[in-house]
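A.B. asks: Going down the list, the sequences are from chains A and B. Numbering follows the working numbering, in which position 186 of the first sequence is assigned residue number 279; successive positions increment by one, without gaps. Numbering follows the working numbering, in which position 8 of the second sequence is assigned residue number 94; successive positions increment by one, without gaps.
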Amino acid sequence: MNRDQHKAFGRTEADAMNDLRLGAARKRLAESQGQEDAIDAVREIVANFLGSEELGLFRVDRRSSALRAFWSFGIDLEGYDLLQALGDAGLERVMRGECHVELAAGEHAGEMGRARAFVPIRVGGQTIAILAILRLLPQKLDFDGADMELFKLFSDEAAKPLFGPGAFGPDGPGTNSDSQPVTEGPGIRA
Amino acid sequence: MTKKILVVDDSKTALMMEREILERRTTYQCVTASDGREAVEKAQQERPDLVLMDVVMPHMNGFEACKMMRQQASTREIPIVLVTTRGEEAYMEAGFQSGCNDYITKPIDSAELIALLQSYLGE
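1. With 16 as the cutoff for other CB atoms within 10 Å, does M155/B come out buried or exposed?
2. In whole angstroms, give me the CA-to-CA distance for Q115/B and L101/B.
3. When you compare the CB of S196/B with every CB in chain A, is at least one pair closer than 7 Å?
4. In the DSSP assignment, what residue or residues form a beta bridge with H193/A?
5. Taking 7 Å as the CB-CB limit, is S97/B close to chain A?
6. Please identify the residue among H145/B, Q158/B, C152/B whose C-alpha is closest to the C-alpha of V169/B.
7. What number of angstroms, rounded off, separates the C-alpha of M139/B from the C-alpha of R155/A?
8. How about the stretch 238-257 of chain A and the stretch 127-134 of chain A: do they share at least three Cβ pairs that are nearer than 8 Å?
9. Closer than 7 Å, CB to CB, is P193/B near chain A or not?
10. M110/A touches chain B at which residues, Cβ-Cβ below 7 Å?
11. In terms of residues, what are the limits of the alpha helix (DSSP H) holding Y177/B?
12. Taking only the alpha-carbon atoms, compute the straight-line gap between Q134/B and T88/B and give it to the nearest angstrom.
13. So which residues of chain B does A134/A contact, with C-beta pairs closer than 7 Å?
14. Taking its Cβ as the centre, do 16 or more other Cβ atoms sit within 10 Å of H193/A, making it buried, or is it exposed?
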C-alpha cells in the first residue's frame, strides 16, 4: 500500500467510525425514555464519544432570555458564570444557533487554554438550552472535525428528548411540566 | 469457529457503539451485560473468548468483576480488557492488580480496539 492509499484507508476508517458514532448517538437520543434517560443519553454520548466528564446544561428562558443552570455532571455549576465564560460574541453566536468551540491552546496553557464547547440546543429556530462541555479527559487532546458533527446532532436532535413535546409548544420552552431541573452530584458516575 | 466477546458496560450508548463496531467490522459474536455482577454470571454461562468490560458500573465494578472471574476456574483464563475514561497510571495499575490483561481508554478508537482484540483472538 502506497502513502496515498494509506491516507485514503485512514480516512475511510475515520469516516466509518464517525458514521457509527453518529448513528449510535442518534439512536440513543431517539430511544431515550423520558427526561432523566435523555439526560443520561447526553452524558453517555459526551463521555464515550467526546471524551468529557464535566458538562452542564443551561436553559434559556424564552421570556427574559435569562440563562439558568439546569443540570450538571462532574462539575458544580453553582456560581458558574456562563455569560462570562461565553463572552458577548460567544453568547451571540450560540443564541444564533452556532456552536462556540474553544480549542486547546497547548499543554502549558493552564485552565484558560483548555478546550471547551458550548452547543446550542435548538428547536423552531430558537436556542432553548446550551450544553456546555467544560473539560476534556486527559487522553483526549482537543475537539476535532468529527466532534463538530456530534455537536450539530445535539443541536438539531436533543431538544425533544430532553425537554419533551412542550419544547415545541406555542409558548416555547419553560411551559412543559417535564422541564423541571435535575440535579446530579458531580462525578458520581462515569 | 466464531469467537465470542462479552461486552460489559452500564452505558447503553457505549454498549451500542461497541456492539456496532464488533458486528460491522469483525466476525466476532457479541454478548452483553450491563454491570459487573451480570458479567460474572454471563461469563460462566457463555464462556466467551474475551471480556471487554467498563470499570465504573453499579452493583459490581469492573475491578471486582475481574477479580471474581479470576477466582473461578471456568473463567480464570479468559482474557479481560478493561475500558475506562481514566488513563492514569495508578488506575491502570489497579486494573492489572485485579487481573485484567489489557486496558483501553475512552473515547474508543475503533481501529485500536479491533487491533487489540485481534491480538488476543486472531482475525
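Where is the CB? At the ideal position from N, CA and C, for every residue including glycine.
C.D. replies: In short:
1. buried
2. 14 Å
3. yes
4. F211/A
5. yes
6. C152/B
7. 43 Å
8. yes
9. yes
10. S196
11. 175-184
12. Looking at the sequence provided, one finds Pro at residue 134/B rather than Gln. Cα to Cα, the separation comes out at about 10 Å.
13. T99
14. buried
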